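See below for the structure under consideration.
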Amino acid sequence: MREHYDVLVAGAGPAGLAAAQAAVSHGARVGLLDMQARPGGQVWRHDVRLPAAPAARQAIEALQGVKLLARHSVVTAEPSALRVETPTGSDLLSFGSLVLATGARELLLPFPGWTLPGVTGAGGLQALAKQGWPVAGKRVVIGGSGPLLLAAADTLRKHGAHVLGMHEQASAATVRSFAWQLRRWPARAAQAAGLRLRLAGVPYRCGSFVREAIGGDAVRGAVIETPHGTRQVECDLLAVGYGLVPNTELAALLGCALDEADAHPRVRVDALLRTSVANIHAAGEACGIGGLAVARIEGAMAGHMAAGDVAAASALLPRRDRERRFGALLARHFTLDPRLRELADERTLVCRCEDVALGALAGYDDARAAKLATRCGMGACQGRICGTALAELGRFPRGGARPPIFPARLATLAGLADFSPDDARRGNRP
Amino acid sequence: MSAMVRLTVNGQAVEVPAGASVAAAVAHATQRFRRSVHDAPRAPLCGMGVCFECRVSVDGVVHVRACLTPAGEGMQVITDA
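If you read the sequences in order, they're chains A and B.
Each residue of the first sequence is one higher than the one before, starting from 1162 at the first, in our numbering.
Each residue of the second sequence is one higher than the one before, starting from 3 at the first, in our numbering.
This is the structure we're talking about:
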């Protein structure tokens, strides 16, 4: 099946929702696709037990006139079109303009024991809990870096988890300095204060990180490094995430230039969010981690641009620039302790898909050579986890994106509209 | 409390709130979602469709990401662990 949209938006998080709303306000035919079953992305992910944030509810309710394409995974790109896989088949979605609002994923770094069941990302466990993962009564240790640790702890506690502690790798002095700088963003300062108040009983340790997960068939404890020495705690779940990295795979596939100055690439855009490819704009975390406010403003800008209204987009520039400064503040204060890059030892698996240990990668200085020799990065996640980790560890940059950007069925790649009845049963339920 | 959805995980009956993921349903039955190539048990890591550690078989279709799939009434989920 082939469908045409004047404006197609990839990603239904805050940036994509804002883009779709802005574009449809100009009368464009707008499609909004996401691989998740519901709009909201990660930060506004639907919670099976808790009410949605008012801003999230409003953004989702404002989608009248937008064609929502849930459970659509982009697998390949063609000129002015994306091939998507759905639970029941595949579609070719052609577009006049495209907005990339592909968001971010968590930076997950290897450490001994991190492959044990019960070890997740921090935002990862938050996402799982929102979807009904049982955490009530479970003892949870949270580690990593950045404000996400607090947000995750808050969600987990609301779902009944017993959060034993939050271990922020940044030093206490750095975190205090960040908190002081927050005064320039009163709304965020108030939000942070509210979070701290709700988490008043939960220890928040700075200069502290998870060194090792302990367990046999599943995690049952963690070794934690603190400024006062090493200690061990028992836990049922261990949630560790070191901040966010932009999802740039789709942009790369489309030939959009990436900014590769840091370990993790971001989509290169001009002041009005144009990528290097005509008629393709990008917004939010994909262009560099900036947070929710940036995503919403840039999404609206990109939606206006995609619908051809440069003036409406330009009017949002001052607000966007101000919010982007907050992203810079975050990046400056939560830079990673170099010791975190030494946590994995020779036997620690780096590529979880293919069970490749860090020691097996000695002597390789590029992703392709390592992949050919060891299968590192060859598995189902296509190097999203190990490639990103190895780039952060300073080993080598992640290999370039090649289609399909997610594992796909042969029928999808062959361009067939519908799977056989047997295949189509996949998830095709109310 | 919202409506509940009933499904089976490795033959065991499981009940989760409507809107919950297959991953959540599996977690009610077992912590082991799949076996790695060296036979180690694995379970979800990223929770958002990126890591593929949560893949299971749903109604006979293999390699379905449990975290991206809403639990459906009567679904039969099989883990490989």
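Here a beta-carbon is modelled for each residue, glycine too, at the ideal position from N, C-alpha and C.
Owing to the predicted nature of the structure, the values given are computational and were not obtained by experimental measurement.
Cα-Cα, which of the options is closest to residue i?
i                 : options                                       : result
SER1241 (chain A) : A:ASP1516, A:ALA1213, A:ALA1412 and A:ASP1506 : A:ALA1412
ASN1408 (chain A) : A:ALA1180, A:ALA1220, A:GLY1544 and A:HIS1165 : A:GLY1544
LEU1269 (chain A) : A:SER1251, A:ILE1303, A:TRP1294 and A:GLU1246 : A:ILE1303
GLY1177 (chain A) : A:GLY1376, A:MET1462, A:HIS1425 and A:ARG1266 : A:MET1462
ARG1457 (chain A) : A:ILE1221, A:ALA1351, A:ARG1199 and A:GLN1225 : A:ILE1221
ASN12 (chain B)   : B:LEU70, B:SER59, B:VAL63 and B:ALA68         : B:SER59
HIS1442 (chain A) : A:GLY1451, A:ILE1450, A:ARG1300 and A:ARG1429 : A:ARG1429
ARG1190 (chain A) : A:PRO1200, A:GLN1225 and A:PRO1212            : A:GLN1225
LEU1277 (chain A) : A:LEU1358, A:THR1509 and A:ARG1232            : A:THR1509
ALA1472 (chain A) : A:ILE1546, A:ARG1163, A:PRO1175 and A:ALA1183 : A:ALA1183
PRO1479 (chain A) : A:HIS1323, A:LEU1433, A:PHE1339 and A:VAL1438 : A:LEU1433
ASP1431 (chain A) : A:ALA1198, A:LEU1419, A:ALA1424 and A:HIS1425 : A:LEU1419
ASP61 (chain B)   : B:ARG36, B:GLN78 and B:VAL52                  : B:GLN78
ALA1171 (chain A) : A:PRO1426, A:GLY1284 and A:ALA1467            : A:ALA1467
VAL1235 (chain A) : A:ALA1572, A:GLY1576 and A:PHE1567            : A:PHE1567
VAL1296 (chain A) : A:VAL1168, A:VAL1324 and A:SER1306            : A:VAL1324
THR1281 (chain A) : B:PRO19, B:ARG36, B:PRO46 and B:ALA27         : B:PRO46
To the nearest angstrom, how far is it from the Cα of residue i to the Cα of residue j?
i                 : j                 : result
GLY74 (chain B)   : GLU17 (chain B)   : 10 Å
ARG1318 (chain A) : ASP1208 (chain A) : 13 Å
TRP1275 (chain A) : GLY1298 (chain A) : 22 Å
SER38 (chain B)   : CYS1537 (chain A) : 14 Å
LEU1230 (chain A) : ALA1262 (chain A) : 14 Å
TYR1365 (chain A) : THR1316 (chain A) : 16 Å
LEU1356 (chain A) : HIS1165 (chain A) : 44 Å
PRO1215 (chain A) : SER1186 (chain A) : 21 Å
ARG34 (chain B)   : VAL66 (chain B)   : 15 Å
GLU1503 (chain A) : GLU1553 (chain A) : 11 Å
VAL1260 (chain A) : TRP1341 (chain A) : 35 Å
MET1196 (chain A) : HIS1389 (chain A) : 44 Å
ARG1210 (chain A) : GLY1321 (chain A) : 11 Å
PHE1557 (chain A) : GLU1410 (chain A) : 17 Å
LEU1399 (chain A) : THR81 (chain B)   : 22 Å
ILE1450 (chain A) : ALA25 (chain B)   : 28 Å
SER1338 (chain A) : HIS30 (chain B)   : 42 Å
GLU1373 (chain A) : ARG1435 (chain A) : 43 Å
ARG1199 (chain A) : GLY21 (chain B)   : 9 Å
GLY1382 (chain A) : GLN1393 (chain A) : 7 Å
GLY1279 (chain A) : CYS48 (chain B)   : 11 Å
LEU9 (chain B)    : HIS40 (chain B)   : 30 Å
GLU1459 (chain A) : ALA1444 (chain A) : 5 Å
VAL1517 (chain A) : PRO72 (chain B)   : 31 Å
GLY1174 (chain A) : LEU1193 (chain A) : 10 Å
The beta strand (DSSP E) spanning residue i covers which residue range?
i                 : result
THR1387 (chain A) : 1380–1387
ASP1431 (chain A) : Run containing ASP1431 (chain A): none; DSSP gives neither H nor E here.
CYS1537 (chain A) : Here CYS1537 (chain A) belongs to no beta strand (DSSP E), and DSSP marks it neither H nor E.
GLN14 (chain B)   : 14–19
PRO1271 (chain A) : Taken as a continuous stretch (DSSP letters only), PRO1271 (chain A) belongs to no beta strand (DSSP E), as it is neither H nor E.
VAL64 (chain B)   : 63–67
ALA1422 (chain A) : Taken as a continuous stretch (DSSP letters only), ALA1422 (chain A) belongs to no beta strand (DSSP E), as it is neither H nor E.
So the alpha helix (DSSP H) residue i belongs to, where does it begin and stop?
i                 : result
LYS1319 (chain A) : 1309–1319
ILE1375 (chain A) : Per DSSP, ILE1375 (chain A) belongs to no alpha helix (DSSP H); it is in the beta strand (DSSP E), 1370–1376.
LEU1356 (chain A) : 1347–1359
GLU1515 (chain A) : It is not in any alpha helix (DSSP H) - GLU1515 (chain A) carries neither H nor E in the DSSP assignment.
LEU1504 (chain A) : Unbroken run through LEU1504 (chain A): none, as it is neither H nor E.
GLY1284 (chain A) : 1283–1291
LEU1178 (chain A) : 1175–1185
ILE1458 (chain A) : 1453–1467
GLN1225 (chain A) : Run containing GLN1225 (chain A): none; DSSP gives neither H nor E here.
PRO1479 (chain A) : 1478–1494
Taking its Cβ as the centre, do 16 or more other Cβ atoms sit within 10 Å of residue i, making it buried, or is it exposed?
i                 : result
GLN1219 (chain A) : exposed
ARG1587 (chain A) : For ARG1587 (chain A), the predicted model reports a pLDDT of 48, less than 50, meaning its position is unreliable; a value from the coordinates is still stated below. Flag for ARG1587 (chain A) reads buried.
MET6 (chain B)    : exposed
ARG1481 (chain A) : buried
THR1237 (chain A) : buried
ARG1529 (chain A) : exposed
ALA1439 (chain A) : exposed
PRO1248 (chain A) : buried
GLU1239 (chain A) : exposed
THR1573 (chain A) : buried
PRO1591 (chain A) : In this prediction, PRO1591 (chain A) scores a pLDDT of 34, lower than 50, which makes its location untrustworthy; the coordinate-derived value is nonetheless stated afterwards. Its Cβ having fewer than 16 others within 10 Å, PRO1591 (chain A) is exposed.
Does residue i have its Cβ less than 9 Å from a Cβ in chain C?
i               : result
ALA73 (chain B) : Going by chain labels, chain C is absent from the structure shown, which instead holds the protein chains A and B.
Report the residues of the region 43–56 of chain B with a CB closer than 7 Å to any CB of chain A, ordered along the chain. PRO43, ARG44, ALA45, PRO46, LEU47, CYS48, GLY49, MET50, GLY51, VAL52, CYS53, PHE54 and GLU55
Give, in chain order, every residue of the region 1287–1313 of chain A whose Cβ lies closer than 7 Å to some Cβ of chain B. ALA1288, LEU1289, GLN1292, GLY1293, TRP1294 and PRO1295
If contact means a Cβ-Cβ distance below 8 Å, which residues of the region 18–45 of chain B contact chain A? VAL18, PRO19, ALA20, GLY21, ALA22, SER23, ALA25, ALA26, ALA27, ALA29, HIS30, GLN33, ARG34, PHE35, SER38, VAL39, HIS40, ALA42, PRO43, ARG44 and ALA45
Given a limit of 7 Å on CB to CB distance, which residues of the region 1387–1417 of chain A reach chain B? none
For the region 1265–1283 of chain A, which residues have a beta carbon sitting closer than 9 Å to at least one beta carbon of chain B? ARG1266, GLU1267, LEU1269, TRP1275, THR1276, LEU1277, PRO1278, GLY1279, VAL1280, THR1281 and GLY1282
When you check each C-beta in the region 1350–1380 of chain A against every C-beta of chain B, which residues fall closer than 8 Å? ASP1378 and ALA1379
Of all the residues that make up the region 1535–1547 of chain A, which are near chain B by a beta-carbon distance shorter than 8 Å? GLY1540, ALA1541, CYS1542, ARG1545 and ILE1546
Taking beta-carbon pairs under 7 Å, can you tell me which members of the region 1191–1207 of chain A lie near chain B? MET1196, GLN1197, ALA1198, GLN1203 and HIS1207
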